[in-house]
Amino acid sequence: MSLANLIEPVVDQLQTALDRQLFPSEWQQWGARLLDHLKKPVQVAVVGLPGSGKSTLISMMLPDVSVAALAGVPVVEIAHGPKPRTAFEMEDGQTVRHAGLPQAQDVPGNAVRARIELPLDDLVRQNFVEVSLTGGAGHQTSMVNWVAQWADVVLWCTDDFDAAEQKLWAGVPEEVKDHSFLVLTMADRQMMRGVLQDRIAALEPLVAEEFLGLYPIATIQAITARTSGAQVNAALWRSSGGKELFDGVMRQVDNGRTADMDQAQMLLSRFAPQVEAAARNLPTPPVPQDGPLFQQALSLLQARANDMVASLAAPGEPRADDVLERCVDTANLLAELFQAAGESGAISQTVQSDTQEGAEMMLLFQLEKDEDAAVDAVTLLLQLKKEIADRAAPEEGL
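Residues in the sequence shown are numbered from 63 upward in steps of one, following this note's numbering.
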């Protein structure tokens, strides 16, 4: 079953729960935000200075689309729609509509934004938005800040990512940087000039802190690999660098969708189990009885703790986001263990509720992404372990 098919019933259940106001007030806004994310395509921003290869990169990602005719429009969105059509937003706020893909002569001279809709399957999951950083430094900074407000994934296109570009990027929030790629376009030209490897080596320390990764792309070769024949030229697609970037972007799209879906399901399980049960045409689970799974939970916690200690034993300070990710995974596994046991009536609702609430708290810690949140996450796991150990002790003495 595709991810889209998995998401659809979750969206329906979340909408029902929000309409009935089944969530506590402090969770209602979070639920509404999750619903908004799940109903909209993932927003992939392709950003860079004029001439940095943005339009060509979009043609690599979407072989059936060319936006070269809109080179003078600062913002171009490519989205899914029932038929090919284009809408231009003008400086005065008016909208000019055009049937199909526009040619250069169809583009109004004072257009500040264009939206192209196409009936392509590749656009169902995500939109691509090309943003050209025109004008002076102040205007460029405003554009970057605007992108950071809505983009789920960012592809920063550049030839060398010089000091001016680095300054523009420095103010982007960490949660956006965590889902961003630095793309060295026209890598083949740099290779021919003998500067590519030096440029990569110079940028790698910065990229390690500021982006998910550095991707040198020979975009023309990548487009050729996808369009020159009936089948993709796999060797050229891979050697051009296109495949690695494309796969990385699609992983981010799927990961973002999956994370939103998991959080929505957690909200539903915690506060609206009757909605989930009705969707599955099952009775609401009865109140379970105490059961003997505490030792299994303790073993799980100990194994995960050993794994965390081993993974963080490398030289240097442990990264807060690594600790948080492992704590979130552990809390989710623990909640799933007791959730499954609860459905069979094996444990008390108190333990099931505590572990579920712990998993929800972990998600809030993960949003903070700092050392204090990492410490709080570890402390919460220790508290859960103590609670489970206290409950397990009487049973071991029977």
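For every residue, glycine included, the Cβ atom is placed at its ideal position computed from N, Cα and C.
Q. Hey, how far is the Cα of V138 from the Cα of R261?
A. Walking along the sequence shown from the start, residue 138 turns up at place 76. Walking along the sequence shown from the start, residue 261 turns up at place 199. So the two alpha carbons sit approximately 29 angstroms from each other.
Q: Hey, could you find the ends of the beta strand (DSSP E) P86 is sitting in?
A: Sequence index remark: in the sequence shown, residue 86 carries index 24 (1-based). That residue, P86, is in no beta strand (DSSP E); it is neither H nor E in DSSP.
**Q.** For R147, the first and last residue of its enclosing beta strand (DSSP E)
**A.** Position 85 of the sequence shown holds residue 147. Per DSSP, R147 belongs to the beta strand (DSSP E) from 147-152.
Q: Spatial neighbours of T289 within its chain, please: CB distance less than 7 angstroms, with the 5 preceding and 5 following residues excluded, ordered by chain position.
A: Here residue 289 is taken as the residue at index 227 of the sequence shown, counted from 1. Contacts found: P125.
Q.
With three or more beta-carbon pairs closer than 8 angstroms as the criterion, would you say the region 106-119 touches the region 182-193?
A. yes
Q: Output the boundary residues of the beta strand (DSSP E) element that contains I285.
A: In the sequence shown, residue 285 corresponds to position 223, counting from 1. Careful: I285 lies outside any beta strand (DSSP E), inside the alpha helix (DSSP H) at 281-289.
Q: Determine the burial state of H241: buried for a count of at least 16 other Cβ atoms within 10 Å of its Cβ, exposed for fewer.
A: Reading the sequence shown from its first residue, position 179 is the one you call residue 241. Classification of H241: buried, given that the 10 Å Cβ count is 16 or more.
Q | G303 versus V413 - alpha carbon distance | A | As a position in the sequence shown, residue 303 is number 241, starting the count at 1. As a position in the sequence shown, residue 413 is number 351, starting the count at 1. Those two C-alpha atoms are separated by around 49 angstroms.
(Q) For the region 296-310 against the region 75-92, do three or more pairs of beta-carbon atoms, one drawn from each stretch, fall closer than 8 angstroms, so that the two count as touching? (A) no
**Q.** N- and C-terminal bounds of the beta strand (DSSP E) containing R187
**A.** Residue 187 sits at position 125 when you count from the first residue of the sequence shown. R187 -> no beta strand (DSSP E), and no H or E assigned at all.
(Q) Runs of 4 residues minimum, wholly inside the region 103-137: which ones carry the alpha helix (DSSP H) assignment? (A) 116-123
Q | Cβ pair count under 8 angstroms reaching 3, the region 265-284 against the region 244-252 | A | yes
**Q.** Sub-7 angstroms separation of V169 and L132 beta-carbons
**A.** Taking the sequence shown and counting its residues from 1, one reaches residue 169 at position 107. Taking the sequence shown and counting its residues from 1, one reaches residue 132 at position 70. In this structure, L132 lies closer than 7 angstroms to V169 by Cβ.
**Q.** Residue interval of the beta strand (DSSP E) (run including R255)
**A.** Mapped onto the sequence shown, residue 255 falls at position 193. Neither: R255 is in no beta strand (DSSP E) and is coded neither H nor E.
Q) Where does the unbroken beta strand (DSSP E) through A161 begin, and where does it stop? A) Position 99 of the sequence shown, counting from 1, holds the residue named residue 161. Run containing A161: 157-161, per the beta strand (DSSP E) assignment.
(Q) One question on the structure: do I450 and L360 come within less than 7 angstroms of each other, judged by their Cβ atoms? (A) Walking along the sequence shown from the start, residue 450 turns up at place 388. Walking along the sequence shown from the start, residue 360 turns up at place 298. Cβ distance < 7 angstroms, so I450 and L360 count as in contact.
Q | Anticipated Cβ contact below 8 angstroms, R381 with M370, distance rounded | A | Taking the first residue of the sequence shown as 1, we reach residue 381 at position 319. Taking the first residue of the sequence shown as 1, we reach residue 370 at position 308. With 8 angstroms as the limit, R381 and M370 do not qualify as a contact, their Cβ atoms being about 12 angstroms apart.
**Q.** P278, buried or exposed, once every other Cβ within 10 Å from all chains shown has been counted against 16
**A.** Translated into positions along the sequence shown, residue 278 becomes position 216. P278 is buried by the Cβ-count criterion.
Q: Excluding the 5 residues preceding and the 5 following Q358 in the sequence, name in chain order all residues of the same chain whose CB lies nearer than 8 angstroms to its CB.
A: Numbered from 1 along the sequence shown, position 296 holds the residue referred to as residue 358. L399, listed in sequence order.
Q) So what's L442 in DSSP terms, helix, strand or just coil? A) For the purposes of this step, residue 442 is taken as residue 380 along the sequence shown, with counting starting at 1. The answer is helix: DSSP assigns L442 an H, G or I state.
Q: Per DSSP, which residues does A173 bridge with? Please list them.
A: Start at 1 with the first residue of the sequence shown, and residue 173 comes out as number 111. Per DSSP, M152.
Q: Using the Cα positions of E486 and N172, report the straight-line distance between them to the nearest angstrom.
A: Coverage of the chain is limited to positions 63 through 460, which leaves residue 486 absent and any answer about it impossible.
Q) When DSSP labels each residue in this structure, what does H241 get in the three-state scheme? A) Within the sequence shown, residue 241 is the residue found at index 179, counting from 1. Note: H241 maps to coil in three-state DSSP.
Q) Based on Cα-Cα distance, which residue from A397, L182, H142, L426 lies nearest to R447? A) As a first step, residue 447 must be located in the sequence shown, where it is residue number 385. As written in the sequence, residue 447 is Lys, which differs from the Arg given in the question. If we check each option's Cα against that of K447, A397 comes out closest.
(Q) Comparing C-alpha positions only, which one of D432, D434, V440, A403 sits nearest to A421? (A) Residue 421 sits at position 359 when you count from the first residue of the sequence shown. Of D432, D434, V440, A403, the residue nearest in Cα terms is V440.
Q) Excluding five sequence neighbours on each side, which residues of the same chain lie with their C-beta closer than 6 angstroms to the C-beta of D250? A) Residue mapping note: residue 250 aligns to position 188 of the sequence shown, counting from 1. Result list for D250: A280, in chain order.
**Q.** Reduced DSSP secondary structure (H/G/I, E/B, other) of T247
**A.** Within the sequence shown, residue 247 is the residue found at index 185, counting from 1. Coil.
Q | Supposed contact pair A436 and L386 - C-beta distance, whole angstroms, cut 8 angstroms | A | Looking up residue 386 in the sequence shown gives position 324. Looking up residue 436 in the sequence shown gives position 374. 5 angstroms between Cβ atoms; contact.
Q | L276 (DSSP reduced to helix, strand or coil) | A | Within the sequence shown, numbered from 1, the residue matching residue 276 stands at position 214. In this structure, L276 counts as strand in the three-state DSSP scheme.
Q. Which term fits R319, buried or exposed, when burial requires 16 or more other beta carbons within 10 angstroms of its beta carbon?
A. In the sequence shown, the residue the question calls residue 319 occupies position 257. The residue in question, R319, is buried, as its Cβ has 16 or more Cβ neighbours within 10 Å.
Q | P345 burial status per 10 Å Cβ neighbour count (16 or more: buried) | A | As a working mapping, residue 345 is identified with position 283 in the sequence shown. The predicted position of P345 is uncertain, since its pLDDT is 47 and thus under 50; no value can be drawn from it.
(Q) If you reduce the DSSP assignment to three classes, tell me which class S194 lands in. (A) If you number the sequence shown from 1, residue 194 lands on position 132. Residue state, collapsed to three classes: strand.
Q | Those residues which DSSP pairs with L217 across a bridge | A | Locating residue 217 in the sequence shown gives position 155, where the first residue counts as 1. L217 pairs with V108, F243.
Q) Cβ atoms of A199 and V238: under 7 angstroms apart, would you say? A) Numbered from its first residue, the sequence shown carries residue 238 at position 176. Numbered from its first residue, the sequence shown carries residue 199 at position 137. No. Outside cutoff.
Q. Is L268 helix, strand or coil when you go by DSSP?
A. Indexing the sequence shown from 1 puts residue 268 at position 206. In this structure, L268 counts as helix in the three-state DSSP scheme.
Q: Consult DSSP for A367 and reduce its assignment to one of helix, strand or coil.
A: Counted from its first residue, the sequence shown places residue 367 at position 305. A367 falls in the helix class under three-state DSSP.
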